[in-house]
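The working numbering applies: residue 10 is where the sequence shown begins, and numbers increase by one. Heads up, the beta-carbon is just placed ideally off N, CA and C, and yes, glycines get one too. Here the structure is a predicted model, which means the values were calculated and not measured.
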Amino acid sequence: MNAENQHSLDAGEVSLAQAFTIEHHEIDAGIEQFLADTDPDPLSSAQPLLAAMEALRRHIYLEEEIVFPHLQSGALMMPLMVMRREHGHLWQHIDALVESVQNQSGEPNQVEEICTEVLALLDRHNQKEEPIIYPHMGVDLSSDDQGKIRDLLAGGAMPSGWVCEALR
Ligand SMILES: [Fe+2]
Ligand SMILES: [Fe+2]
10 MNAENQHSLD
20 AGEVSLAQAF
30 TIEHHEIDAG
40 IEQFLADTDP
50 DPLSSAQPLL
60 AAMEALRRHI
70 YLEEEIVFPH
80 LQSGALMMPL
90 MVMRREHGHL
100 WQHIDALVES
110 VQNQSGEPNQ
120 VEEICTEVLA
130 LLDRHNQKEE
140 PIIYPHMGVD
150 LSSDDQGKIR
160 DLLAGGAMPS
170 GWVCEALR
């Protein structure tokens, strides 16, 4: 992070990298909450899971459409390709999970099994993204852009029908 951007952070305000990392943890927590829930009503217990899947889709949208295009691609070209490919795998699992919850179709425990796969995919993805990609957000983005992206992360919506690049 350069000095200018460092100074743009008010006391107590999290950096963009921290804000995206916090959202990683919130999404994991929504899935884990579902797996730990013993509520016998599957539709009410699925609410945190469906909310986490919506948050994950929006998180991927913000990364691919708003953040990644601002990063200097040179050294990051390969890592960004890997991130986009993994977003595609995640997106397919989100689709399968949402369908399985909403239709109550499939085998018993299918939802739980897909949840476990999503958590493993997220773990492998985030443990690369956080140290390799996120530190560049504080360096390559202007403090103005960082502020706009922080606002989007706090409340911006994903355009309806958007899908990640790997699946287009
Ligand atoms: Fe991320
Ligand atoms: Fe990502």
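Delimiting residues of the alpha helix (DSSP H) encompassing W171: Within the sequence shown, residue 171 is the residue found at index 162, counting from 1. From DSSP, W171 is part of no alpha helix (DSSP H); its letter is neither H nor E.
Using a Cβ-Cβ cut-off of 6 Å (strictly less than) and excluding sequence neighbours within five positions of R93, which residues of its own chain qualify? Taking the sequence shown and counting its residues from 1, the one referred to as residue 93 is at position 84. Excluding positions up to five away in sequence, the list reads E174 and A175.
Any contact between the segment 46 to 63 and the segment 137 to 151? By contact I mean 3 or more CB pairs, one from each, below 8 Å. No, the segment 46 to 63 is not in contact with the segment 137 to 151.
Nonlocal neighbours in the same chain, by C-beta distance under 6 Å from I141, ignoring five residues either side: For the purposes of this step, residue 141 is taken as residue 132 along the sequence shown, with counting starting at 1. Excluding sequence positions up to five before and after I141, its CB lies within less than 6 Å of the CB of P88, all in the same chain and listed in chain order.
What do you reckon, are the CB atoms on L71 and G147 nearer than 8 Å? Here residue 71 refers to the residue found at position 62 when the sequence shown is read from its first residue. Here residue 147 refers to the residue found at position 138 when the sequence shown is read from its first residue. For L71 and G147, no; Cβs fall outside 8 Å.
Cutoff 6 Å; reference Q15; Cβ partners in own chain excluding five residues on either side: By 1-based counting over the sequence shown, the position of residue 15 is 6. The predicted model places Q15 with a pLDDT of 47, which falls under 50 and marks its position as unreliable; any figure quoted below should be read in that light. Within the same chain, Q15 has no close Cβ partners at all.
Selection from H145, A45, E32 and Q27 that minimises the alpha carbon distance to T125: Taking the sequence shown and counting its residues from 1, the one referred to as residue 125 is at position 116. T125 has its Cα closest to that of A45, out of H145, A45, E32 and Q27.
Pairwise C-alpha distance: Q42 and R133: Within the sequence shown, residue 133 is the residue found at index 124, counting from 1. Within the sequence shown, residue 42 is the residue found at index 33, counting from 1. R133 and Q42: Cα-Cα distance of roughly 20 Å.
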